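Comments concern the structure below.
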Amino acid sequence: MTYAVRSATVRFGDTLALDDVSLEVEPGSVVAVVGGDGAGKTTLLRSLVGKVQLEQGQVEAPSSQQIGYLPATAGSWPSLTVAQNMDFVGGIYGLSGQALVSRRDELLGRASLLNAADRLASQLSGGMRRKLGFSMAMLHDPPLLVLDEPSTGVDPVSRVDLWRLVSEAAAAGAAVVMSTTYLDEAERAASLLALDGGRMLASGTLQDVLASFEGAIASTAIPHRGEWAWRRGRGYHEFWSTAAEIPLDGAAVIPDLEDVVIALSLLRGRHRELAS
Amino acid sequence: MTSSGAEQVRPAVLLRADRVGRTFGGFIAVEDVTMSVRPGEIVGLLGANGAGKTTLIRMLLGLIATTTGDVELLGAPPDRERRTHLGYVPQGLGLYRDLTVRENLAFSTQAYGAVQPELPEALRAGADRLVADLPLGLQRQLAFLSALAHDPEVLVLDEPTSGVDALARAALWDTIHQQAEAGVGVLVTTHNMKEAEQCDRLLLMSQARLVAQGSEADIIGSTTAIAIRTNDWARAFAVLNQAGQPVMLAGRDVRVADADADQVRAVLADAGMTAEVFGVPATIEERMMVLARAPEAP
């Protein structure tokens, strides 16, 4: 069973939040939705879990009982303990008694939260709180797991932990969609969807995205056209339509995901939109 | 802006910590850290939460005292006067969310007695909007502008690019590089390991100590990683995870940091799996994970 959002358009008042965006996820795989603040990541994920009305397009998703959803904010109740948060959500899904306790402790163990079971959620570090939110979304073992920025603001070590939890869920057969602002997480996913201003910049496997990029990137000490260049360390990378256009003082490089996403954003003329 | 008559000789070292330590009660937050930032240099400070980064920064700025060792800001112990040569962008940005862009800038420049800078094109259209209503990328640009208006000699940036997209991140790094090229010394923390390449030098803290410094290769040090390619990543992942290996998914490959290739092969063979097992360069994150898993830093 493939879960999907197809050709979705979403409008909030005058704002076009999603413009013809499609997303597909297979069981046993992780799809990363990558973009910055305001790119449309949350709207797309909320569309998939049925919390946003589409103006156009279709959603193919299981019933809400079959979805685990971690929202971008909160995800747990600050004034409840870790165990109480889990028990409360377990109750909603009809888990109780020994079944709930064993499932709860198994998930908290995987998330290294067992020792923190009696701590208030408000007293957890950011990384621990996201792991708790993840564990709550996983309690009923859903076939579709939708995680909105589980790792934003989380330190690198906790992010590795979170990524391991996400991978475990996919290895056990779940279809996982997660949004992120980190390009390296998108690179690690089975496939990725880059969003910018509510539109698709690129989608597919990392290899697909890199291979389908049309244009050339040059490494240069001084850019020829500042508006088409960005820093990579002390030097610059600069976009050209074809490799033949690269000036003599530039060296063609094999673009990575960061180059491709920046170049595609520039091509969309987003720098002009920002100013308006 | 610095008045032309008060042209100062820039000290050779802008920020310095010499065997610095800090305890809070019985808790050791920073232990025996020696580091410096020179003019024109971008130094990246890496580490997990609780590694001691923020405590070190607060000591360097003179916001809290050291328990042991000495810190210097612009060649002397940090004080109010010296802090006026400092630009600081905290993680929370330090903006007044219920003031407009223009009002925020007026307030911060007046506090430093600086001339109000012209708004860049991207912020001009939103000059009279409340900061709370701006996209995060523009909020970050405004926080930079406020921190730079008084021509600081040292910039301290805590997670300056968190949450913004690749293009906005590139614009912020352009500003940081411009400052460094004008001679400003920059100390920057980041959780985005992709940004390590934007720094001239890296410092890695773990469990209160400075455990590595230098280039990305110096930070990764002797940490190794192994990639495993099979036609069933999920099973390889599950088998290695079960065996207690610090396993990670990477596309359709599985990676294990700091592991023995033969041991990994044996675990997979026991499970009846055929796999291609080969060494790959470790990442900074893997180095940090290995450090975090070690019970005590060596």
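Those protein sequence lines, which keep their order, are chains A and B.
The first sequence: position 208 = 223 (the numbering used here), numbered continuously.
The second sequence: position 130 = 136 (the numbering used here), numbered continuously.
The beta-carbon is built from N, C-alpha and C at its ideal position, and this holds for glycine as well.
For clarity, every value in this text was computed on a predicted model and none was experimentally measured.
- Under a criterion of Cβ atoms nearer than 7 Å, the residues of chain B adjacent to E183(A) are, in order, N247.
- For I226(B), the uninterrupted alpha helix (DSSP H) segment begins and ends at 222-226.
- At a cut-off of 9 Å between C-beta atoms, M211(B) does not count as an interface residue with respect to chain A.
- Between A281(B) and I226(B), the C-beta gap is not smaller than 9 Å, which leaves the two residues out of contact.
- DSSP links M193(A) through a beta bridge to A47(A), L162(A).
- In the three-state scheme derived from DSSP, where H, G and I count as helix and E and B as strand, L63(A) is classed as helix.
- If you check the CB distance, A149(B) and L99(B) come in under 9 Å.
- With the rule of 3 Cβ pairs closer than 8 Å, the stretch 82-95 of chain A counts as touching the stretch 161-177 of chain A.
- For P287(B), no CB of chain A lies under 9 Å from its own CB, so it is not counted at the interface with that chain.
- Residue pairing by DSSP places Y94(B) opposite V162(B) in a beta bridge.
- A residue is called buried when at least 16 other Cβ atoms come within 10 angstroms of its Cβ; M16(A) does not meet this threshold and is exposed.
- Contact annotation for V276(A) against chain B: D171, A172, L173 [CB-CB distance below 9 Å, chain order].
- For F103(A), the uninterrupted alpha helix (DSSP H) segment begins and ends at 97-107.
- Using a CB distance cut-off of 9 Å, G143(B) counts as an interface residue toward chain A.
- Across the stretch 158-171 of chain A, CB contacts with chain B closer than 8 Å involve T167, G168, V169, D170, P171, in sequence order along the chain.
- Neighbours of Y197(A) in chain B, taken as residues whose beta carbon is under 9 Å from its own, are H197, N198, M199, K200 in chain order.
- For G132(B), the CB contacts under 7 Å within the same chain, skipping 5 residues up- and downstream, are V107, L140, L144 in chain order.
- With 16 or more other Cβ atoms inside 10 Å of its own Cβ, I232(A) counts as buried.
- Residue state for D38(B) is assigned as strand, using DSSP reduced to three classes.
- Fewer than three Cβ pairs drawn from the stretch 167-185 of chain B and the stretch 109-124 of chain B lie within less than 8 Å of each other, which leaves the two stretches out of contact.
- With a cutoff of 9 Å on beta-carbon distance, V276(A) and A209(A) are scored as near each other.
- A straight-line Cα-Cα distance of about 16 Å links A298(B) and W178(A).
- Residue environment for I261(A): buried (at least 16 other C-beta atoms within 10 angstroms of its C-beta).
- Of the residues assessed, G50(A) falls on the buried side of the cut-off, its CB having 16 or more other CB atoms within 10 angstroms.
- Rounded to the nearest whole angstrom, the CA to CA distance from A132(A) to Q251(B) is 25 Å.
- The beta strand (DSSP E) runs of length 3 or more contained entirely in the stretch 177-227 of chain B are, from start to end of the chain, 191-195, 207-212, 215-220.
- For the stretch 202-236 of chain A, the set of residues with a beta-carbon nearer than 8 Å to any beta-carbon of chain B comprises E202, R203, A204, A205, D211, T220, L221, in chain order.
- For A226(A), no beta strand (DSSP E) run applies; the uninterrupted alpha helix (DSSP H) run containing it begins and ends at 221-226, by DSSP.
- Within chain A, no C-beta atom comes nearer than 8 Å to that of D266(B); the closest sits roughly 19 Å away.
- Chain-ordered, the chain B residues with CB closer than 9 Å to the CB of L281(A) read L173.
- With respect to chain A, the C-beta atom of P123(B) has no partner C-beta closer than 9 Å.
- Taking a cut-off of 8 Å on C-beta distances, the stretch 252-265 of chain B touches the stretch 191-204 of chain A, as three or more cross pairs fall below it.
- If you ignore the 5 residues before and after E47(B), its C-beta comes within less than 6 Å of the C-beta of G191, D206, all in its own chain and listed in chain order.
- The three-state reading of DSSP puts Y118(B) in helix, counting H, G and I together.
- Judged by pairs of C-beta atoms under 8 Å, the stretch 36-48 of chain A touches the stretch 188-196 of chain A, as three or more such pairs exist.
- Residue environment: D259(B) is assigned as buried (16 or more neighbouring CB atoms within 10 Å of its CB, all protein chains considered).
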